[in-house]
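Engineer: Residue numbers 8 to 676, in the working numbering, belong to the letters of the sequence shown in order.
We put the beta carbon where it would ideally sit given N, CA and C, even for glycine.
Fair warning: this is a prediction, and the values are worked out from it, not measured in the lab.
One structure coming up, written as structure tokens, with questions to follow.
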Amino acid sequence: MKVRLLILLLVGTHLTQANEVKFGKVSKEEVAETQHHLEADADAAILYKKERVFYNYNAEQGWSLTKEAHYRIKIYNKEGFSWATLQIPLYVSQGDEEKISNVKGITFNMIDGKIVEEKLKKDGVFVEEVNKYRNKASITMPEVKEGSVLDIEFKVNSPLYWYMDDFRFQYSIPVNRADLRLDIPQYFVFKRHSKGYYPIQFQQSRESRSINISYRTEDVAGKLGKTSRQSHNLSFYENVYEVQASDLPSMVEEEYTSNIDNYRSAIKFELASTQFPNRPYKNYSQTWEGVAKTIYEYDSFGTELRRENYYKDEVDRIIAGVTDDKEKAKLIFEFVQSKMNWNDYYGVTCSRDGIKKAFKEGAGNTAEINLMLTSMFRYAGLNANPILVSTRSNGIPLFPTTDGFNYVIAGIEVLDDVILFDATEKNTIPGVLPNRALNWMGRLVRKDGSSSQVQLTPKKLSKEIHYITANIHADGSVDGKTRTQYTNQLALELRDKLEKTDEETYLENMENQHGEMEIDGYELKNKKQLEKPMIESCDFVKENQCEIIGQKIYFKPMLFLAESSNPFIMEKREYPVDFSFPRQKKYMISLTIPEGYKVESLPESTLVQLPENSGKFSFKVLSQGNQIRVNATTELNSAFFPVEYYDALKEYYKNLILKQSEKVVLSKV
């Protein structure tokens, strides 16, 4: 029995050692590998990722965190070269900042059947400031080729002991193996939040630890100011959390996904409470109501919101003689919109210089501009409040935390509705937000500290309506006039696009998009009249729009506006479909057929509906004499479709494209 037990122990030890991945010890098989064993089309793969996080204590500086990391990355082809640079966020808070150290790296290549090593040099490590809250370290590996294996180790030392970044297990490339270990002293209690579709299993245990603490003390008399150094051991237990995951699939960036990070398999540790020796218990857990109230009480939020003196004269002048609240709101919004320029900084608090200076200089971050707007609304007697938002790039927050919000807009409560405003965007109107802010729910915070959820997704359809009058010619060409009208979010998108490009480039892109179409007499209406629909019109000529076979002419009744590709081609989808806002496209087309021809056949009319009235597609083609009339509508009444709707959406677009691809057939009389 003892012999058998000894054999089992030896086998177990051997397996543990065999599975251990050591920095700089790369196998020939890893370097020689030409494609991933599970995803043959992968550009790169993380062969191994290891993170270990533990606490340290210093008598002068207190608690700190250390993260040790080891990445082993395989590059399969040139498209995977972007993985030769590893980027590590380094957070900054109130003068304290995380630092990277102990960076090591080796690139392994196979040359003439032998493994050749190239070590990372100092110039391959670069730290830069991203914003006042975050720096970024970039590690760029040398001599990277197709087939390279990269081994990278580094350490991050953090005085921000209360904060841990997400621990990610999924990336845009597959992960062969990921190991995580966190050692958390008994004095800290963290909540664990998991996200993503790939299940992550924890192992939890408890271990004892002792830290030798050295500190200075004054002499016993305390008169001469002399100090001496003493030390003692601090003994405590730690909660140890371990994760071992393998063969994690890559995350495919699918069409209409708001933020892929919302669905990435990851774990977040949130500090819930602390209980230090000889110190009172402190609870950090919050509700969303508590988070909103906390932010409102910041000097850089609530106090700034109450400031009025710097703008009173201007607002008095703007609303003088105006009694209608809706008109007051419109005038104040347009004033802030035109005066203030957004400096591209997000944030829920004002900068150190404050809102008054931002007003004077005509530029500020999202909080400064929209808190200013809210304050002016209140001054004018409107029931206005700030709304905290997490942008699409920031993702959907999993749990109540002040980090969950990174943006502010303004809202005016009217009966059972809230009208939303964002003066950081020059081309918006009341009720229309820029796409970056259309992310699930916001939280409206009132003067008394109470708060409530606000739906950010628009309820009203954004419309794109096409009117076309065209002539079909016997040589297969088409010419005519087109007029297109855009409303709400679609109008905003077009206005923003036209501001970023000149008209000549815009028209050239439009011609190429529709297959070498010639455009003439282009006219744009209401570009600056933001409350009116955007209207663009032009004359067009398009050669080879029709197909001529023998004595017959074939063409799609929607001409160059027919959709040709289904955005949903994957067999299964793991993430919800997010269209950002509900929308409608309408097509009213009148076609004149060439003399000497008659209509032989038309596509049949159809109506396709999505479940629960969430969308529909209608298509109708009629002919009378030498005229063909087309009426088609695609409509999505919801912006967000859960995963279980994917098959229905896929079928919806399949039918839509098939129908729009069907052709009218003309034959000679």
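Could you pull out every residue in the same chain whose Cβ sits closer than 6 Å to the Cβ of Ser-217, ignoring the five residues on either side in sequence?
Structural biologist: So the list reads Asn-240, Ser-242, once near-sequence residues are dropped.
Engineer: Name the DSSP bridge partner or partners of Asn-638?
Structural biologist: Met-595, Lys-627
Engineer: Where Val-99 and Ser-108 are concerned, what is the direct C-alpha to C-alpha distance, given to the nearest angstrom?
Structural biologist: 16 Å
Engineer: Look at the alpha carbon of Asn-446 and the alpha carbon of Glu-260, and state the distance between them as a whole number of angstroms.
Structural biologist: 18 Å
Engineer: Can you tell me which of Ser-89, Ile-180, Met-171, Tyr-244 puts its alpha carbon nearest to the alpha carbon of Ala-49?
Structural biologist: With distances taken between Cα atoms, Ala-49 lies closest to Ile-180.
Engineer: So, for Glu-506: in the same chain, excluding its five sequence neighbours on each side, which residues have a beta-carbon less than 7 Å away from its beta-carbon?
Structural biologist: none
Engineer: What does the Cβ neighbour count give for Glu-277, buried or exposed, with the cut at 16 atoms within 10 Å?
Structural biologist: Residue environment for Glu-277: buried (at least 16 other C-beta atoms within 10 angstroms of its C-beta).
Engineer: Specify the secondary structure class of Phe-308 as computed by DSSP and reduced to three states.
Structural biologist: helix
Engineer: If Phe-174 sits next to Ala-273, beta carbons under 8 Å apart, how far is it from one beta carbon to the other, in whole angstroms?
Structural biologist: A Cβ-Cβ distance of about 6 Å is found for the pair Phe-174 and Ala-273, placing them in contact under the 8 Å criterion.
Engineer: Tell me which residues share the same chain as Ile-118 and place their Cβ nearer than 6 Å to its Cβ, disregarding the 5 neighbours each side in the sequence.
Structural biologist: none
Engineer: Would you give the residue range spanned by the beta strand (DSSP E) that Asn-138 belongs to?
Structural biologist: 132–138
Engineer: Alpha carbon to alpha carbon, what distance is there between Lys-29 and Phe-61?
Structural biologist: One C-alpha to the other measures close to 20 Å.
Engineer: Given a cut-off of 8 Å, decide if Phe-586 and Ala-655 are closer than it, judged by their beta-carbon atoms.
Structural biologist: no
Engineer: Could you please give me the residues that DSSP links to Arg-443 through a beta bridge?
Structural biologist: Per DSSP, none; premise fails for Arg-443.
Engineer: With distances taken between CB atoms, is the gap from Ile-159 to Gly-112 smaller than 8 Å?
Structural biologist: Against a cut-off of 8 Å, the Cβ pair of Gly-112 and Ile-159 comes out as a contact.
Engineer: The beta strand (DSSP E) spanning Met-541 covers which residue range?
Structural biologist: 541–549
Engineer: Note down, one range per segment and in chain order, each beta strand (DSSP E) of at least 3 residues found wholly within the segment 555–588.
Structural biologist: 559–562
Engineer: Taking DSSP's pairing of strands, which residues face His-239 in a bridge?
Structural biologist: Partner(s): Ile-220.
Engineer: Return the first residue and the last residue of the beta strand (DSSP E) that Gly-112 is part of.
Structural biologist: 106–118
Engineer: Rounded to a whole number of angstroms, what is the C-alpha to C-alpha distance between Ser-397 and Ser-155?
Structural biologist: Cα atoms of Ser-397 and Ser-155: separation of roughly 39 Å, rounded to the nearest angstrom.
Engineer: Can the beta-carbon of Met-383 be found less than 8 Å from the beta-carbon of Val-439?
Structural biologist: no
Engineer: Would you list the residues sitting across from Val-123 in a DSSP beta bridge?
Structural biologist: Asn-116
Engineer: Might you give, ordered along the chain, the residues of its own chain that have their beta carbon closer than 6 Å to the beta carbon of Phe-133, omitting 5 neighbours on each side?
Structural biologist: Ser-145
Engineer: Considering only their Cβ atoms, is the gap separating Ala-185 from Leu-255 smaller than 8 Å?
Structural biologist: yes
Engineer: Leaving out the 5 sequence neighbours to the left and right, which residues in its chain are closer than 6 Å to Ile-560 when beta-carbon positions are compared?
Structural biologist: Only residues of its own chain outside the window of five on either side were considered, and among them Cys-553, Leu-673 have a CB closer than 6 Å to the CB of Ile-560, listed in chain order.
Engineer: Confirm, please, whether the CB-CB distance from Glu-525 to Val-548 is below 8 Å.
Structural biologist: In this structure, Val-548 lies near Glu-525, with their beta-carbon atoms less than 8 Å apart.
Engineer: Would Thr-4 pass as a contact of Gln-558 if the rule is Cβ separation under 8 Å?
Structural biologist: Because residue 4 is not part of the residues shown, which for the chain are 8 to 676, the question remains open.
Engineer: Does the Cβ-Cβ distance between Ile-376 and Trp-349 come in under 8 Å?
Structural biologist: yes
Engineer: Which residues does DSSP pair with Thr-613 in a beta bridge?
Structural biologist: According to DSSP, which records beta bridges pairwise, Thr-613 is partnered with Phe-626.
Engineer: Assign Met-379 to one of two classes, buried (16 or more other C-beta atoms within 10 Å of its C-beta) or exposed (fewer than that).
Structural biologist: Flag for Met-379 reads buried.
Engineer: Would you mind stating whether Thr-508 and Ser-469 have Cβ atoms separated by less than 8 Å?
Structural biologist: no
Engineer: Just mark Arg-236 as buried or exposed, buried being the case when its beta carbon has 16 or more other beta carbons within 10 Å.
Structural biologist: exposed
Engineer: Around the Cβ of Phe-176, are there at least 16 other Cβ atoms within 10 angstroms (buried) or fewer (exposed)?
Structural biologist: buried
Engineer: Do His-473 and Met-595 have their beta-carbon atoms positioned less than 8 Å apart in this structure?
Structural biologist: yes
Engineer: Starting from Gly-371, follow its DSSP beta bridges and name the residues at the other end.
Structural biologist: Trp-349
Engineer: Do the segment 282–292 and the segment 199–211 make contact, defined as three or more Cβ pairs closer than 8 Å?
Structural biologist: no
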